[in-house]
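In what follows, a single structure is set out as structure tokens and then discussed.
2 protein chains.
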Amino acid sequence: MRMLAAIEAGGTKFVCGVGDAAGSRETARIATRDPDATLADVVAFLARAVDRHGPIAAIGIGSFGPLQLDPAAPDFGRITTTPKPGWQGADMPARLRAALGVPVAIDTDVNAAALAEAAHGAGRGARSLAYVTVGTGIGVGLAMDGRPVHGLGHPEAGHLLLRRHADHGDFAGICPYHGDCLEGLASGPAIIAAWGGSLATLPAGHPAWTVQADYLGQLCATLILVAAPEHIVLGGGVLSQPSLLDAARARTRERLAGYCAAWTDEAFATRITAPGCTEPPGLTGAYMLAAAIA
Amino acid sequence: MRMLAAIEAGGTKFVCGVGDAAGSRETARIATRDPDATLADVVAFLARAVDRHGPIAAIGIGSFGPLQLDPAAPDFGRITTTPKPGWQGADMPARLRAALGVPVAIDTDVNAAALAEAAHGAGRGARSLAYVTVGTGIGVGLAMDGRPVHGLGHPEAGHLLLRRHADHGDFAGICPYHGDCLEGLASGPAIIAAWGGSLATLPAGHPAWTVQADYLGQLCATLILVAAPEHIVLGGGVLSQPSLLDAARARTRERLAGYCAAWTDEAFATRITAPGCTEPPGLTGAYMLAAAIA
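Line by line, the protein sequences are chains A and B.
Under the numbering used here, the first sequence has 14 at position 14, and the numbering climbs by one with no breaks.
Under the numbering used here, the second sequence has 74 at position 74, and the numbering climbs by one with no breaks.
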């Protein structure tokens, strides 16, 4: 087994590891600052790791986006239009390739997580899997037949326009592009903006819970109706609230209203789940991206 | 080249052909009645065609649905829950295999059409393509890397719950499962139920046009955000109204609001289009399904 490197590049932290999809030998968390400072720390970690554990064959990056993933584009591998200071146009693959002299693959963090959950996590054996994360933003990745899905761009289902819940009143939403798209209504910061606190601080009967479950149900129903995944993993900070998973399943079922016959009671219970990877799925998926080019 | 047979199985007619995806040598249209009567005519046509043109190597069917497409399921290949009299549980592949002694492949009509449009039609060269048809119902098929997409079930994006347009008032929608899902609001019969006539009979300034374009725009934006197809083909009777395609493009762009950078002006103009296959795309796609098992 050749050793690989994996990077889960997030807006607040980079999680880096050396090892493979079966497990890291060593990991590090690096605070996200500008690209120069952040990648210098990443390179230093990987160089030390090589000294300790031996050479790495390739690096995989599961990154926040949007990313240019069209190999024919001149800006292939770069972050495109992000409001994150300094990161617009950042070319992580080129920098790491230059610094470490090994091939580098990149995809979205959520596509990497979808790959990982289908191969090693809660959806083990699923031929197609959608990975949803609800936290600072809302991201959705899609893996089919062991490959991340992209075409013209990559999945961005956090920005779906779903039907507003009546209990959300006239809350305008916080997405700078779309106002009250899914991310604008149901991300962690949107919940705080609408209700004055995170779900964890709001009592069980608070309308925020009903509204949030409704949006998650609409999202899962939309994913099922468009892409027919065999499994949906719901992850991220907001979804760590245990009752939300069950509520999201129930609302998904209500939305489908018996139309998709393959979604039986058992399917709802076993195919819409929390993540199941041992390590963060974005990191495990980054190892898989690396393995594919090693 | 071995000769193949293709069947586009629709709710009102079956279009059958012998030839291959490059073109039919002979086709026939057969009115859809109950399965016994309809398939007897199909078998008779194919038997005559074999007498005239020589043996066929395989049969492909692009069918109305929903279909059971899980090869591990006991009802693999059958139509599942349809209100169409006599068709629930119908096993077209088994009947045609028994009658003609050749392998038979089946997928949804819209998945077959998506395959065909990506290989031979308006999206020639696209690695991923969504095919939308708006007529008696609304169907959406998805092809990626030359294969139809299915997982737990198959795409059913006609039943998406989109945001209602204010000008639609309190029209309840006509979908027996979901009321005002996309098909319930925007299929041909829904347009007639809401406005008292088909689009073709309504003047250019009628709100029906605005409402219809909005729903099509929401659909395309949803497909892009979930599955990131390289091309979207808009087909079917309702979309034969020429101005609707441009209006749908404009509304898709408004919905995305600049978020998906790969969707440039040129992309909207060239990657959301009418169908481009010479023959009905469902028929061409059915030849492709046959070729894959021949």
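Idealized CB from N, CA, C, for every residue including glycine.
What you are looking at is a predicted structure, and each value in this text was computed from that prediction instead of being measured.
Check, Outcome
"Extent of the continuous beta strand (DSSP E) to which A:P139 belongs", "Here the sequence assigns Gly to residue 139 of chain A, which means Pro is not the residue at that position. Taken as a continuous stretch (DSSP letters only), the beta strand (DSSP E) holding A:G139 covers I138 to M144."
"N-terminal and C-terminal residue of the alpha helix (DSSP H) that A:V50 is part of", "P35 to H53"
"Validate contact between the segment 86-94 of chain B and the segment 265-274 of chain B using beta carbons, cut 8 Å, 3 pairs", "no"
"Counted within 10 angstroms of its Cβ, other Cβ atoms place B:P281 as buried (16 or more) or exposed", "buried"
"Sequence ranges, alpha helix (DSSP H) only - wholly within the segment 161-239 of chain B, length at least 4", "182-186, 188-195 and 207-227"
"Under the three-state DSSP convention, the category A:A105 falls into", "strand"
"Neighbour list for B:G153 in chain A, Cβ cutoff strictly below 8 Å", "I224, A228, C260, A261, A262 and W263"
"Beta-carbon proximity check, A:G125 vs A:T273, cutoff 9 Å", "no"
"Chain B residues whose Cβ lies nearer than 9 Å to that of A:S128", "V149, H150, G151 and L152"
"A:E8, enclosing beta strand (DSSP E) - first and last residue", "M3 to A9"
"Element boundaries [alpha helix (DSSP H), containing B:G311]", "Because residue 311 of chain B is not part of the residues shown, which for chain B are 1 to 294, the question remains open."
"Same chain only: Cβ atoms within 8 Å of A:T176, ignoring 5 sequence neighbours per side", "Sequence inspection shows Pro at residue 176 of chain A; the Thr mentioned does not correspond to that position. Hits under 8 Å: P83."
"Beta-carbon spacing of A:L234, A:L216 below 9 Å", "yes"
"Exposure of A:Q218, with buried meaning 16 or more beta-carbon neighbours within 10 Å", "buried"
"Closest Cα partner of B:L162 within the set B:R147, B:L152 and B:V211", "B:V211"
"Contact set between A:Q218 and chain B, taken where Cβ atoms lie within less than 7 Å", "L161"
"Residue environment, A:E279, which counts as buried when at least 16 other CB atoms sit within 10 Å", "buried"
"Minimum C-alpha distance to B:A130 - residue among B:A113, B:H159 and B:H120", "B:A113"
"Partner residues on chain B for A:Y177, Cβ-Cβ distance less than 9 Å", "L256, A257, G258 and Y259"
"Spatial distance of A:A99 from A:V149 (CA atoms)", "29 Å"
"Segments assigned alpha helix (DSSP H), at least 4 residues, entirely inside the segment 249-284 of chain A", "265-271"
"Contact with chain B by A:L142, beta-carbon distance below 9 Å", "yes"
"C-beta neighbour in chain B for A:T273, strict 9 Å", "no"
"Opening and closing residue of the beta strand (DSSP E) in which B:A57 lies", "I56 to S63"
"A:V149, DSSP secondary structure in three states", "coil"
"Three-pair Cβ contact test at 8 Å for the segment 14-24 of chain A versus the segment 3-10 of chain B", "no"
"Helix, strand or coil at A:A118 according to DSSP, with G and I counted as helix", "helix"
"Contacts that A:T81 makes with chain B (C-beta to C-beta distance below 9 Å)", "G258, Y259 and A261"
"Proximal residues, the segment 105-119 of chain A versus chain B, C-beta separation under 8 Å", "none"
"When B:M144, B:E254 and B:A166 are compared against A:A227, the one with the closest alpha-carbon", "B:M144"
"Per-residue contacts from B:P66 into chain A (C-beta, under 9 Å)", "Y259, C260, A261 and A262"
"Cut-off 7 Å between Cβ atoms - residues of its own chain near A:A22, not counting five sequence neighbours on either side", "none"
"B:S198 to A:Y259 span [Cα, whole Å]", "27 Å"
"Continuous beta strand (DSSP E) stretch holding A:L129: start and end", "S128 to V134"
"Whole-angstrom distance between A:I61 and A:V104, CA atom to CA atom", "8 Å"
"DSSP bridge partner residues for B:E26 (one or two, in chain order)", "B:V18"
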